[in-house]
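Under this note's numbering, the first residue of the sequence shown is numbered 642, with each subsequent residue one higher.
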Amino acid sequence: MPEKGSPEYDELAKDYQKTYLRTITPKNESILNMTVLE
């Protein structure tokens, strides 16, 4: 959770859905990371 008063906090308060979606790793990147780990 961002600190109150930070730009990230303001963005979260303004558009929480967009901020949440940005935190999810894209599918292709996830598959690549799992492949490298195996």
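Built from N, CA and C at the ideal position, the CB exists for glycine as well.
Inter-residue spacing [alpha-carbon to alpha-carbon] between residue i and residue j
i      : j      : result
GLU652 : ILE672 : 29 Å
LYS659 : THR676 : 28 Å
LYS645 : LEU662 : 20 Å
PRO643 : ALA654 : 10 Å
Collapsed DSSP secondary structure at residue i in the structure displayed
i      : result
SER647 : coil
MET675 : helix
THR664 : helix
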